[in-house]
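Just below is one structure, and these are the notes that go with it.
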Amino acid sequence: MEATVFLTQIVDGKMQKVNLCESCSKEKGVNDPTGFALADLLLGIGDSQQIEKNPASVKCPVCGFTQADFKKTGRLGCSHCYTVFDDGIAPMLKNMHKGTAHTGKTPAKFHMTRQRGEKLKSLQDNLSKAVAAEEFEKAAELRDQIRLLEAEPV
Amino acid sequence: MKFSRIIANSGEWLSGDGPNRQIVVSSRVRLARNIRNKPFPGWAKKAERLEVMGLVKTAVEALPEMEESYSEPLESLSPLEKQVLVERHLISREHAAKAVGSAVVTNARQSLSVMINEEDHLRMQAICCGLQLGNVFDMINRVDSELESSLDFAFDSHLGYLTACPSNVGTGMRASAMLHLPALVMSDQINKIINSVNKIGLAVRGLHGEGTEAMGNLFQVSNQTTLGETEEEIIGRLNRVIEQIIEHEQNARALLSQRKPVTLHDQIGRAYGILCHAFSMSSKEALNLLSVIKLGIDLDVFPEAHRFPVDELFIETQPAHLQKGAQVQKMSSEERDTLRATIIRAKLNQMPGPDMSRLKISVPTATSKQ
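Top to bottom, those sequences are chains A and B.
In the working numbering, each number is its position in the first sequence, counted from 1, plus 19.
In the working numbering, each number is its position in the second sequence, counted from 1, plus 15.
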């Protein structure tokens, strides 16, 4: 029988092609054009191999969660997953919410750390400027201020 | 505090007073919080859930707001007891399905409750009578600020509070009001309202939240999105929409009483007749008929003194409350329907029949559309 079903899939930059006749394609269940793992299935590439090769199978180092788990549950594994799977999550959040950045409440602790971070950064910037301008007296003053701030308990 | 003491008293949101309480049954604000770098409850192993529960439960019980509280791991509650808490809106249906490693803490007034290890490590809510989302947010916000000194909440400077489901990320806040809208249902305007509310990014749901049917003409309106706006902005937006829905309901009531007084009399009279004389009643039928009685009280057809007893029936006639009250281990639904009808008859027979001559007729406002 003539092949009428042509499947092409690119995995890791390698093209895989399968040509099937109509009755074979039905037998193998190839009638869903959106099924993306079909070529793997037909070419005998196992599921385990596929997950290993797939960049989407990155594991969260904190909780061991994978993108496949997210597809199954629609929930993430732990708060660190937001950093690990940021590429996938960011566009999703864009569709889901009014904006992409949090503008609401900030925990007091975090607020203080952020203020401190911002102050340190501005002092360090000024220090570099002072050094570049050879204003050593001012630089020394700034250096002392930075040391003082760094010594403060968080 | 024992479970029996929680059961003995109705929550403050039911018996209390608040702005617009004829139409707005209650206002509720829920915050979702998680502990940094601990697996979320749905992904955590049993030992990890127990560890987080221990940590969170200790912190929550130490709150001044929880000085007099009821705190219980879910595995020590029977399915019936869990269902009672669901019917009181103290825990969600999802939380009721949990057992080892999950817990609930609620204050004696039942105005604050914290679900531990629901979908997130903490789901804390405050609930009050009438439309007062701002006050309710202040209550739960205070609790959150107290807890953040003892618990390390997962927070990201860009994404805000990190939650198990990306749909809650940001503020982690869901603010909602339970609205009683019988006139909008009777005048077939409710679908129009629901559609337009959905269009502006707010959700309308049934009595027990997501995926539940609207019974007793009760509708829950809440924010859908949590990222990109401050808590105050979300509540402000919600408040403005709710105020408009209230106005529509009031106009629908005024129009009904002016233009279709016979229909209104008939509905109220029938509801009263059935409730007073039925010997078997499902919880859905009870809620729908009680809703009409509640409308009758709002319109002065029944004396105001009967408002609280009728409001109480909304909760008392729910399946788990009935069964708990009967002190029977297992009841068939037929037995429950019989008991429900008996309880309702006893209460309604203390109430005088509808006095239609007292029907409050108000003039619809100019913004009314029909």
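Positions of the beta carbon are idealized from the N, C-alpha and C atoms, including for glycine.
None of these values were measured; they are calculated from a predicted model.
Per DSSP, A:C82 lies in no alpha helix (DSSP H) segment and is marked neither H nor E. Under the 10 Å beta carbon count, B:A59 is surrounded by 16 or more other beta carbons and is classified as buried.
Annotated as distal: B:I22 and B:V129, with beta-carbon spacing of 8 angstroms or more.
By the 16-neighbour rule on beta-carbons within 10 angstroms, A:F155 is exposed. B:N122 sits in a strand when the DSSP states are folded into three classes. Interface with chain B (8 angstroms Cβ-Cβ cutoff): A:R135 is excluded. None of the residues of the stretch 110-129 of chain B has a beta carbon lying less than 7 angstroms from any beta carbon of chain A.
Cα atoms of B:K72 and A:S147: separation of roughly 49 angstroms, rounded to the nearest angstrom.
For the 8 angstroms CB-CB criterion, B:A269 and B:A356 do not form a contact.
Not flagged as an interface residue toward chain A: B:H263, since no C-beta distance is shorter than 8 angstroms. Three or more beta-carbon pairs drawn from the stretch 303-319 of chain B and the stretch 364-372 of chain B are found closer than 8 angstroms, and the two stretches are therefore classed as touching.
Taken in chain order, the complete beta strand (DSSP E) segments of 3 or more residues contained in the stretch 151-228 of chain B are 188-195, 217-220. Cα atoms of B:H104 and B:K97: separation of roughly 11 angstroms, rounded to the nearest angstrom. As the crow flies, the alpha-carbon of B:R20 is around 42 angstroms from that of B:S377. Rounded to whole angstroms, the gap between the alpha carbons of B:I205 and B:R51 is 43 angstroms. A Cβ-Cβ separation of about 18 angstroms leaves B:S30 out of contact with B:A192 under the 8 angstroms criterion.
Contact between B:N49 and B:D135 holds: CB atoms are separated by about 5 angstroms, below the 8 angstroms threshold. Using beta-carbon distances, A:M131 does not count as an interface residue toward chain B, since no partner is under 8 angstroms. Classified as exposed, A:L167 has fewer than 16 neighbouring CB atoms from the shown chains inside 10 Å of its CB. Residue environment analysis places B:I215 among the exposed positions, since fewer than 16 neighbouring C-beta atoms fall within 10 angstroms of its C-beta. DSSP places B:M130 inside the beta strand (DSSP E), whose first and last residues are 127-131.
The C-beta distance from B:D352 to B:S295 rounds to 4 angstroms, short enough to meet the 8 angstroms contact threshold. Assignment of beta-bridge partners to B:V39 by DSSP yields B:L194. Contact annotation: B:N156 and B:V200 have beta-carbon atoms that are not nearer than 8 angstroms.
Bounds of the beta strand (DSSP E) holding B:C143 are 137-144. Residue contact with chain A for B:V184: present (Cβ-Cβ distance below 8 angstroms to some residue of chain A).
Counting only runs of 4+ residues, the alpha helix (DSSP H) found wholly inside the stretch 251-298 of chain B occupies 276-292, in chain order.
In the displayed model, B:L233 falls within a strand according to three-state DSSP. Neighbourhood of B:G26 in chain A, by CB distance below 7 angstroms: empty, with the nearest CB roughly 26 angstroms away. The Cβ-Cβ distance between B:V101 and B:L127 does not fall below 8 angstroms. Along the stretch 316-339 of chain B, none of the residues has a CB nearer than 7 angstroms to a CB of chain A. With contacts defined by Cβ atoms closer than 8 angstroms, B:I257 and B:L146 form a contacting pair. Around B:G243, the same chain offers G185 as residues with beta carbons nearer than 8 angstroms, after the five sequence neighbours per side are excluded. Nearest neighbour of B:N364 by Cα position, chosen from B:E63, B:Q273, B:C291, turns out to be B:C291. In summary, the residues of the stretch 22-52 of chain B whose CB is separated from some CB of chain A by less than 7 angstroms are N49, R51, N52, in the order they occur in the chain.
Close CB contacts of B:I359 within its chain, under the 7 angstroms cut and outside five residues either way in sequence, are with L290, M296, A301, L328, T332 (chain order).
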